[in-house]
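In full-length UniProt numbering, the protein residues as written are 1 to 412.
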């Protein structure tokens, strides 16, 4: 009989292995605070990070956005620092909007396309100074950005891990920032940004967000993240500040009529089938395009599709009869002809309507807007019941809150 020695791993090695098994996703700089509040342990993968669907109660988290203030960790959002003498010209070349009109201290929502005019991603561009900008996006694009920088005097560097981010959204968000000691934050108008002192460093605060409400986004060096979280939580204790997960945020963004990459449209890098590709005009981003602007990625294809009326799809807002959300429902014309698909749906507590976003084949949703129906399967006593509900195309956003743009911001 052969006897083989038994090798027992050390206690430290076993602990490390178990830790790795249980922690397959990265933690953000705010993770210690979020983990302490995560009563539901309901996590999902956001760009390799462990992010919460919900921390304590998704319904109450949504109402925190609309009636108090909600704190949401946006650190996993991909962030690029783009700087140098040609930073403006470079970004004007790769993104849809006219970057020459984006002044220092301002932010705009933008998108970028491949050479065929199909959307690669959308995101926000922050002009921190004349030659220094930050581009935030859903997906990672560093190889593409570096290739596109050929012959531009510009530096492109990903700073996702180095910069922590928070979204503070809701009617009491301004009062919390003021009470936290950020003097001068009241001067920020919608899409303004400014830098403020924090814990021996600098925090960049912009009046932006993804909720259609009064709100701000804060970016700080990763090693100052926890002190920023504690500063906001202490200032917001009497104003109802609550940490939230993505489910609540997703409800608020739908009410605001905002789209999510690879949820409401498939980015051109992810699309396998050609009919899944989308041009900006097909997902409601045509307003970004200035035909008089100089050359940018996809310009020729986009303008040609407009001229030849080759745009095949349209993204619309729908109002649906009843109160059962039409999640991923098929949209029909005259109850028989399939014309599109719902990508997001909910009963809106603010709008008091059953709302949805849907991608439809033109001319449906474009020139033909009547006699549309959605096919909903509702669970009734352990059986699905098929419901055909009438739908109508309605403008986005589904709600419009004056406090989002009020100057000075509302003080609740």
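Note that the Cβ used here is the ideal one computed from N, Cα and C, for glycine as well. Here the structure is a predicted model, which is why all the values come from computation and not from measurement.
Contact set for residue i: own chain, Cβ-Cβ below 6 Å, skip 5 residues either direction
{"i": "residue 58", "result": "247, 248"}
{"i": "residue 225", "result": "29, 30, 164"}
{"i": "residue 157", "result": "81"}
{"i": "residue 411", "result": "175"}
{"i": "residue 236", "result": "69, 176"}
{"i": "residue 285", "result": "111"}
{"i": "residue 137", "result": "78, 121, 123"}
{"i": "residue 26", "result": "48, 49"}
Close-in-space but distant-in-sequence residues of the same chain around residue i (CB under 8 Å, 5 per side omitted)
{"i": "residue 1", "result": "In this prediction, residue 1 scores a pLDDT of 49, lower than 50, which makes its location untrustworthy; the coordinate-derived value is nonetheless stated afterwards. Cβ neighbours of residue 1 beyond the five flanking positions: none."}
{"i": "residue 212", "result": "252, 253, 255, 256, 257, 258, 397, 399, 400, 401, 404"}
{"i": "residue 148", "result": "90, 93, 94, 297"}
{"i": "residue 228", "result": "164, 166, 198, 199, 203, 218, 220"}
{"i": "residue 334", "result": "371, 373"}
{"i": "residue 43", "result": "25, 50, 51, 52, 53"}
Any C-beta of chain D under 8 Å from that of residue i
{"i": "residue 252", "result": "The structure shown contains no chain D; it holds only a single protein chain."}
Residue i to residue j span [Cα, whole Å]
{"i": "residue 380", "j": "residue 261", "result": "32 Å"}
{"i": "residue 232", "j": "residue 75", "result": "16 Å"}
{"i": "residue 244", "j": "residue 37", "result": "9 Å"}
{"i": "residue 33", "j": "residue 146", "result": "35 Å"}
{"i": "residue 393", "j": "residue 359", "result": "11 Å"}
{"i": "residue 264", "j": "residue 282", "result": "11 Å"}
{"i": "residue 54", "j": "residue 61", "result": "8 Å"}
{"i": "residue 150", "j": "residue 112", "result": "17 Å"}
{"i": "residue 424", "j": "residue 63", "result": "There is simply no residue 424 to check, as the chain begins at 1 and stops at 412 in what is shown."}
{"i": "residue 193", "j": "residue 153", "result": "25 Å"}
{"i": "residue 354", "j": "residue 71", "result": "26 Å"}
With 16 other Cβ atoms within 10 Å as the buried cut-off, status of residue i
{"i": "residue 41", "result": "exposed"}
{"i": "residue 336", "result": "exposed"}
{"i": "residue 73", "result": "buried"}
{"i": "residue 395", "result": "exposed"}
{"i": "residue 332", "result": "buried"}
{"i": "residue 79", "result": "buried"}
{"i": "residue 407", "result": "exposed"}
{"i": "residue 169", "result": "buried"}
{"i": "residue 45", "result": "exposed"}
{"i": "residue 216", "result": "buried"}
Contacting residues, own chain, Cβ-Cβ under 7 Å from residue i (five flanking each side not counted)
{"i": "residue 288", "result": "96, 97, 110, 111, 280"}
{"i": "residue 291", "result": "303"}
Uninterrupted beta strand (DSSP E) stretches inside the stretch 214-296 (no shorter than 3 residues): The DSSP assignment places complete beta strand (DSSP E) segments of no fewer than 3 residues inside the stretch 214-296 at 215-221, 241-243, in order along the chain.
Cβ contact (3+ pairs, closer than 8 Å) linking the stretch 292-302 and the stretch 366-379: Contact fails: fewer than three Cβ-Cβ distances are below 8 Å.
Sufficient close CB pairs (3 or more, under 8 Å) joining the stretch 320-337 to the stretch 118-129: The way I'd put it, the stretch 320-337 doesn't touch the stretch 118-129; fewer than three beta-carbon pairs between them come closer than 8 Å.
Cβ contact (3+ pairs, closer than 8 Å) linking the stretch 124-141 and the stretch 84-104: Result yes; three or more Cβ-Cβ pairs closer than 8 Å.
Inside the stretch 132-162 only - beta strand (DSSP E) runs reaching at least 3 residues: Qualifying beta strand (DSSP E) stretches, in chain order: 132-137, 155-158.
Whole runs of the beta strand (DSSP E) within the stretch 90-122, excluding any shorter than 3 residues: Listed in chain order, the complete beta strand (DSSP E) runs (minimum 3 residues) inside the stretch 90-122 are 106-113.
Ranges of the beta strand (DSSP E) found wholly within the stretch 285-362, counting only runs of at least 3: Runs of the beta strand (DSSP E) inside the stretch 285-362: 313-320, 330-333, 337-348, 353-361.
Complete runs of the beta strand (DSSP E) confined to the stretch 158-196 [at least 3 residues]: If we require 3 residues or more, the beta strand (DSSP E) runs fully inside the stretch 158-196 come out as 163-169.
Ordered list of alpha helix (DSSP H) runs contained in the stretch 31-64, each at least 4 residues: 31-37, all fully within the stretch 31-64.
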